[in-house]
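First comes the structure, then the notes that go with it.
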Amino acid sequence: MDTLAELDDLGADAPAEPRRDPVASVDSAEGSLTPEGEPSIPRGQQSYTQHRIGAMVLQRLFDREPPALRIGRFSVLERIGRGGMGTVYAAYDEQLDRKVAVKVLRGDERSGEVARHRLQREAQAMARLSHPNVVTVHEVGESDGDVFVAMEFIRGQSLDAWIRTEPDWREVLEVFVQAGRGLIAAHEAGLIHRDLKPHNVMRSDDGVVKVLDFGLARAASDDSLDRAEVPSTESSEGSALRTDITRPGAVLGTPAYMSPEQHRGLPADARSDQFSFCVALYEALYRQRPFRAPTLVALVHAVRSGELRAPPAEPRVPAWIHRIVVRGLSLEPKDRWPSMQALISALERDPSRAHRRWWVAAGLGSLAGLLGFGLAGLLGEPATPRCPPASAEQQALWPAARQARVAAAFETSGSPLATDTLARVSPMIDAYVGELGHMRAEACLAHRRGDQSARLLDLRTACLDVRRAGLDELLAGLEQADADTVHSAAWAAASLPSVEPCGDTEALTATVPPPDDAAVARQVQHEREALASAASMVLAGSYDEASARVEASLRAAEALGYTPLVAEARLGLGAALMEAHEHERALEALSGGLQAALRSGHDEVAVEALARRMWVRADPLRRPTEALGDDEIADALLEKLGRPALLEWLLLNNRGVAQFRAGLRSDAERSYREALASLGRQGEQLHPVQHISTRFNLAMLLWAGLGEPAAAADELRSALDRARELLGPEHPRVTVISARLAAILVVAGRHEEARALLDACLARVTDDD
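Here it is in structure tokens:
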């Protein structure tokens, strides 16, 4: 390589500076010696280039091997990047024999101390995180008076470079979901990034995504660095809009990715990171940013006014993704997703994924059907009946005419929540009906392919028919909706039993078998569907009607002499009586259901009966010691079943209630947290009702039982966010949780937050009156 060209290349990214003797710069006071006699990184970014030039001159003129440049104990290999606050070097860690990246504070005398503190804050912030999607910090130190951070070396590229390869939307989602998980970890650690952008996220060569550059991160409770003046300099989009703003007196961040509140100089929170994330995601999906901004002034105006660009015709992005991203770009933080977890969970629920899977299966099934038809025609045998399409469930249960009847009932219900609730409930029903249809089609196709037996098809179909009966009853109630029905609709829809167990072939074959007599089996199935309908009545608040229907099924079960159905009916009766506050009768029914379940080996019913009986004894009847006597057998049966998530949640939650009432407060906290962990293993977004309930219980324990109002407020805030997302901000349940949170905030000394919540509660109550 030509020497002059090599020297030019070394200095290409360094700002101009007065010429100095390149050899002297290695040995001058600007590059003091380490104890090993090797030079450390000199102060000032230009000095690295000077050192390289000097080293080359020594080698060319005197054939001397240049001494290694060091940062602390790390030997510098090359400079790999520069950011708004420092320079990043590739270096070698001789002690641990690994390559690392070392970030050194930029030598800027005008803002030296401020920048030092920021870099130290970055190191501290990152060191608090341990997550596969956050870059790992190995060491923080000082070298020749400069702060440095040594972190893992990532072989890959930043997302801004990766985006330029024009990945399709599926690849974009996969990458950004990983980045989102890194942000979730930061938020859970109490950190706000405040400068999220594609350049601050790396994708390794093996596809792992890492969030980095927490130089502007701060604790969620610290807003001292957010209040500042907003810059108004006009410039081209290609320069200033991508420039980090780190100078004193300026809003911190990168304008193109900053949230409206950051542009206003207001404190940033996790929802600000969410906004920045969605700007970057929009850019990756559409290859343009969401705000049209030829100048910085135009950008600030567009962001502050929420003027989103219309998405381009190409590349094509599914509408459901666009809706998710646009919500994250809402002008007001309260209108965005309640958390990054909620946003990422929404992105992971690809409604087309199931469709694609079943379409492939249907295509294969159709081919098999054609081949079968050809053979049957030749042999003179009838063709095998075709499987129903997934859409058949939609047309049978939730056709347009029924949707219109529900909408009309809501409109005339007199509830001020009708419009908002219908908008929340309809997608939930769409999704549930879709799951039923796809599961039914898949079960049929699996049998036709020979993958699953006729017996297994019968078991899966029976399971799906029970779910269908419950949904049909709920929809029948919505068609006759009054104001009370509207208020309970979203909670009820979210509480429908999951369709997923109908695909768990191992569990289905392990449960109690149906009766051998076909006629008895049909009667048992009929009563199970009636019990599912009654459970939906309970969800809708029709307790008396539900109890009457369950009692009829109980009489039928006893007449049939099929003990597993007796157990199910008594459990259903106990659940209905619990909601009707008839606790002594509920206890009697649950105990009877438990005995029948144990006699017939119906372990799933036994565990649920034990868990519900535990709550009845402990809470309304105030017999917690007696309640905890069921714990050991319940846990043993749960273990035998393989600890299914929702059943485990129910037992742990109700165990926590019993322990709280028994004064075992630390044990209660552990049970509640284990219950939340059980939900988390399936994805908390799948079970909002359970999440809200346990968070509320945990908050009450922390407040009233453990004297920790601040921690209680955090838990209740989480419950409130989920309740708002599920039910809407004006819902009575939301008002109740808000009022309780306000009371806790008063005890915690957070009076302004409490006042704001109470004012909102009073406004809602006044409006209702």
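Residue numbers (this note's numbering): 864 to 1632. Positions of the beta carbon are idealized from the N, C-alpha and C atoms, including for glycine.
- The region 1369-1385 makes no contact with the region 1301-1312, as fewer than three CB pairs between them are under 8 angstroms.
- In this structure, the alpha-carbon of His1301 lies about 57 angstroms from that of Glu957.
- Shown here, Thr1028 sits in coil according to DSSP, grouped into three states, outside any helix or strand.
- Ranked by Cα distance from Leu1539, the options Ala1165, Gly1526, Leu1473 and Gly1519 are led by Gly1519.
- Residue environment for Arg1585: buried (at least 16 other C-beta atoms within 10 angstroms of its C-beta).
- The beta-carbon separation of Gly935 and Gly1004, rounded to 5 angstroms, stays under the 8 angstroms limit for a contact.
- DSSP, reduced to helix, strand and coil, places Val963 within a strand of the structure shown.
- At a cut-off of 4 residues, the continuous stretches assigned as alpha helix (DSSP H) that sit fully inside the region 1536-1619 are 1551-1563, 1572-1590 and 1595-1610.
- Partner residues in the beta bridge of Ala1013, as assigned by DSSP, are Val965 and Glu1002.
- Judged by their CB atoms, Ser1351 and Ala1403 are nearer to each other than the 7 angstroms cut-off.
- The residue from His1389, Leu1327 and Thr1372 with its alpha-carbon nearest to that of Cys1365 is Leu1327.
- Its chain contains Ser1396, Ser1399 and Met1400 as the residues whose beta carbon lies nearer than 7 angstroms to that of Glu1336, once the 5 sequence neighbours on both sides are disregarded; these appear in chain order.
- Collapsing the DSSP output to three states places Gln1020 in a strand.
- Secondary structure of Ser1135 (DSSP, three-state): helix.
- Sequence-distant partners of Ile1555 (beyond 5 residues in either direction) whose C-beta falls short of 7 angstroms from its own C-beta, in its chain, are Ala1582, Arg1585 and Ala1586.
- Taking the CA atoms as reference points, Val951 sits about 24 angstroms from Met1121.
- Each residue's CA atom was taken as its position, placing Arg1330 and Pro1572 some 41 angstroms apart.
- For Ala1430 against Val1468, the beta-carbon gap comes to about 5 angstroms, under 8 angstroms, which counts as contact.
- In this structure, Val1072 lies near Asn996, with their beta-carbon atoms less than 7 angstroms apart.
- Thr1117 and Ala1562 have their C-alpha atoms spaced approximately 38 angstroms apart.
- Classified as exposed, His1444 has fewer than 16 neighbouring CB atoms from the shown chains inside 10 Å of its CB.
- DSSP, read as helix, strand or coil, puts Thr1282 in helix.
- Going by beta carbons, Ala1357 and Pro1201 fall outside the 7 angstroms limit.
- Measuring C-alpha to C-alpha distances from Ser1541 to each of Leu1509, Ala1131, Glu1442 and His1614 identifies Leu1509 as the nearest.
- The three-state secondary structure of Asp956, taken from DSSP, is strand.
- Secondary structure of Ser1361 (DSSP, three-state): coil.
- If you draw a straight line from the Cα of Ala1420 to the Cα of Gly1455, it is about 13 angstroms long.
- Runs of the alpha helix (DSSP H) spanning 4 or more residues and lying entirely within the region 1420-1502 occur at 1426-1442, 1446-1463, 1466-1481 and 1487-1491, in chain order.
- Straight-line measurement puts the Cα of Glu1511 at about 12 angstroms from the Cα of Gln1545.
- Contact annotation: Arg1134 and Arg1190 have beta-carbon atoms that are not nearer than 7 angstroms.
- In the three-state reduction of the DSSP assignment, Leu1159 falls in the helix class, which pools H, G and I.
- About 18 angstroms separates the Cβ atoms of Arg1150 and Ala1165, ruling out a contact at the 8 angstroms cut-off.
- Excluding residues up to 5 positions away in sequence, Ile934, Phe937, Ser938, Val939, Leu940, Lys962, Val963, Ala964, Val965 and Ala1013 lie with their Cβ nearer than 8 angstroms to the Cβ of Ala954 in the same chain.
- Less than 7 angstroms divides the Cβ of Glu1392 from the Cβ of Ala1332.
- Thr1372 counts as exposed, since fewer than 16 other beta carbons sit within 10 angstroms of its beta carbon.
- Cβ-Cβ separation between Ala1452 and Leu1436: approximately 4 angstroms, consistent with a contact (criterion under 8 angstroms).
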